[in-house]
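Going left to right, the sequence shown walks through residues 489 to 758 as the numbering used here numbers them. Cβ atoms here follow ideal geometry from the backbone N, Cα and C, with glycine treated the same way. Bear in mind the structure is a predicted one, so any value in this text is a computation, not a measurement. Below is one structure; the comments refer to it alone.
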Amino acid sequence: MMRYALHAAAVLVGGLSLSPLAFAAPDWTSVPATTIHVFHPGVTPWEWIESKGKHGGSRGLSRGESCAGCHVENGEINVDLERMAGELDPKGGPAVRAFPVQVQAAYDAGQLYVRMSFKAPAGGIDKSDKDNAVKATVLFPNAEVPMAEQVGCWATCHQDARTMPDGKDKTKYTSAGAYELMQWASSGKVADGSITDQRRMEGGQAGVKAEGAKQGDTWTVTFSRKLPASPTVHFGIAVHADHAAGRFHHVSFGHTIGLGAEGDVKAKKF
489 MMRYALHAAA VLVGGLSLSP LAFAAPDWTS VPATTIHVFH PGVTPWEWIE
539 SKGKHGGSRG LSRGESCAGC HVENGEINVD LERMAGELDP KGGPAVRAFP
589 VQVQAAYDAG QLYVRMSFKA PAGGIDKSDK DNAVKATVLF PNAEVPMAEQ
639 VGCWATCHQD ARTMPDGKDK TKYTSAGAYE LMQWASSGKV ADGSITDQRR
689 MEGGQAGVKA EGAKQGDTWT VTFSRKLPAS PTVHFGIAVH ADHAAGRFHH
739 VSFGHTIGLG AEGDVKAKKF
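Put into structure tokens, the structure is as follows:
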């Protein structure tokens, strides 16, 4: 099978400054927030997801159902978190298995803005990213990624990734297509090797900017990028908390942003 690198449209890093955003962000007090729960996924790569002997939901996926359709109910996730941190992860799981992220979206004639607010939990099981207490990520699949509308970011996760138990030297990749990845790192640099040169921005096509800060116990990260062509934008989010690296993050299922259309997150037009 030919493998396609997860080449990001952009990777952004930023410091902890509470200075104003570096771009003309909307008035977020007027933008409704949607709660999306992120959770520790254990060792459940794509190969596990599609295995009928290991994952009962694989049959639903083959019928066109989505991960969120099965595991998200009234905004809450329906996942056996203890199994994820036990049977499905030889290293165990973080003390906090899941937590909420408030997601807001807005757009104008040329830009999409995405804002994430969350309290990053302590008690992680991997603290190998010494530089970054927190990293926040948003991923957008393109139309060529297989089953992207169903599986969110799981199309990038494989058992041969280097932080998997039997992993080798792979980073995230897809069997076809690519994801645009926006990432903000709290220290201003990525030190754990989870972002490689092949995934860095090539030419700045998306024109991404980012800003983040911690106020009290809450992190707020805001991204800006070129407005997507489609009114329905598929995306997933991830948070590396407590100096976590690689797969030891908390992730969401796949969701949608509606730009004048229906979506899990409805973007407000400015």
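Looking at the strands, I want to know which residues DSSP matches up with residue i.
i	result
residue 670	626
residue 587	526
residue 747	DSSP output for residue 747 lists no bridge partner at all.
residue 738	727
residue 650	According to DSSP, which records beta bridges pairwise, residue 650 is partnered with nothing at all.
residue 615	None; residue 615 has no bridge partner.
residue 540	Paired residue(s): none; residue 540 is not in a bridge.
residue 637	None; residue 637 has no bridge partner.
Considering just the uninterrupted stretch of the alpha helix (DSSP H) at residue i, what are its terminal residues?
i	result
residue 570	569 to 573
residue 557	555 to 559
What did DSSP end up calling residue i once you bin it into helix, strand or coil?
i	result
residue 547	helix
residue 632	coil
residue 708	strand
residue 684	Note that residue 684 has pLDDT 31, beneath the 50 cutoff, so the model's placement of it is unreliable and no number is given.
residue 662	strand
residue 757	strand
residue 721	strand
residue 521	coil
residue 593	strand
residue 498	Because residue 498 carries a pLDDT of 43, less than 50, the predicted location of this residue cannot be relied on, and no value is offered for it.
Please name the residue in the options whose C-alpha comes closest to that of residue i.
i	options	result
residue 734	705, 651, 666, 567	651
residue 623	564, 743, 731	731
residue 698	617, 566, 604	604
residue 740	720, 668, 642, 713	642
residue 727	718, 670, 754, 704	670
residue 695	715, 707, 709, 705	715
residue 757	593, 565, 582	593
residue 617	648, 723, 676	676
residue 620	755, 753, 729, 746	729
residue 737	566, 582, 595, 536	582
residue 719	752, 705, 725, 702	752
residue 613	528, 596, 749	528
For the beta strand (DSSP E) containing residue i, name the first residue and the last one.
i	result
residue 534	Unbroken run through residue 534 is the alpha helix (DSSP H), 534 to 537; no beta strand (DSSP E).
residue 603	599 to 606
residue 698	697 to 703
Quiz item: Taking contact to mean at least 3 C-beta pairs separated by less than 8 Å, is the region 593 to 612 in contact with the region 554 to 571?
Solution: no
Quiz item: How about the region 568 to 577 and the region 528 to 537: do they share at least three Cβ pairs that are nearer than 8 Å?
Solution: yes
Quiz prompt | Three CB pairs or more closer than 8 Å across the region 609 to 619 and the region 579 to 593 | solution = yes
Self-check item: Touch test, the region 617 to 631 against the region 664 to 675, Cβ-Cβ under 8 Å, three pairs minimum
Solution: yes
Quiz item: Does the region 576 to 584 touch the region 515 to 524, meaning 3 or more C-beta pairs lie closer than 8 Å?
Solution: no
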